[in-house]
Amino acid sequence: MDAAENIRQSIARVTELRAAQASNPALATAVRDIKQFQSRRFMGSYTDLMRDPTVRPATQFFLDELYSPGDYSARDAQFARIAGTLQTVFPRPVVHTALTLALLHAKTEELDHAMAQAWLAQPATTPEAGRYAAAWKTAGQPEARRQQLAWVMELGHDLTRFTRTPGLRLLLRAMRGPAQAAGMGALQHFLEVGFDTFGALARKRGAVEGFLDTVRERETRLMGLLFDAELVACETQLAHTLGQAR
């Protein structure tokens, strides 16, 4: 299966899940609550990085583009519409990154959907940290969680590799007009912002590797806690992390 078909299938899966949520307001609200919780949790887990001017832009990029509760429907629509054209407009490494982004997006939506269903099964009076931890344990899927994180890391490494490819930034700038004309503005924005963000970080020796290693280590540790620790320990740690985000 080629990249274009994989992208189409990924976006079709996201569309299917969103249709199910649209027909069930309680589920849609729960998905939104899950995404907002996860965004706040990310902010709490990386308050130190957000205060560090060296890595703040990369941390903000991950938050905005990968961990945000924002509406990506415009980007989804573009991906679905131009999946075939993608391979003729962008270089192969960029197409691979677009595919990774689509796969990550679909997997994230599947996991958030499953979490939301489990979230609704918890009493509404349960503190949100405890409700989230219980939903995580109920939804399970440790392999899917590991794959989700692996794709996040892959995107970071891809964007870093782009910055070390001679002429690619000029090519991206030259593609801005054609990409907009072809209806690929959202992808173009992701690539340009990501390129510039990781390009600036890559100019500091070891900074990119340090940033990505920190994210991988902290997210892996959190997954281990949520899967293996007692519910009360998970709730306590999550509540502490949310407190750091304030």
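The sequence shown maps to residues 0 to 245 in numbering that gives the first Met the number 0.
Glycine included, every Cβ here is placed at the ideal spot set by N, Cα and C.
Same chain, Cβ closer than 6 Å to residue i, neighbours up to 5 away in sequence not counted
i    : result
V30  : Q20, D111, A115
H95  : none
A138 : A113, M114, A117
E218 : L148
E9   : In the sequence on display, residue 9 carries Ser and not Glu. Within the same chain, S9 has close Cβ partners A101, L102, A105.
Same chain, Cβ closer than 8 Å to residue i, neighbours up to 5 away in sequence not counted
i    : result
L253 : For residue 253 there is no data in the structure shown, the boundaries of the chain being 0 and 245.
A232 : L224
Q35  : P68
T53  : L200, K203, A206
M152 : L211, V214, R215
E64  : F189, V192, G193
CB-CB length for residue i against residue j, believed under 8 Å
i    : j    : result
Y55  : L48  : For the record, residue 55 in the displayed sequence is Arg; it is not Tyr. That belief holds up - the Cβ atoms of R55 and L48 are roughly 7 Å apart, short of 8 Å.
A201 : T159 : 6 Å
R40  : T240 : 6 Å
A11  : F197 : So it is not a contact: roughly 30 Å between Cβ atoms.
Range covered by the alpha helix (DSSP H) that runs through residue i
i    : result
E15  : 2 to 21
G223 : 206 to 227
Q116 : 91 to 119
D157 : 141 to 162
D32  : 24 to 44
Y131 : 127 to 138
T58  : 55 to 64
Neighbourhood of residue i by C-beta, 7 Å cutoff - its chain only, sequence neighbours within 5 removed
i    : result
Q121 : R130, A133, A134
Original post:
Quick check: the stretch 214 to 221 against the stretch 144 to 161, are there 3 or more CB pairs under 8 Å?
Top reply: The stretch 214 to 221 and the stretch 144 to 161 touch, with no fewer than 3 CB-CB distances between them shorter than 8 Å.
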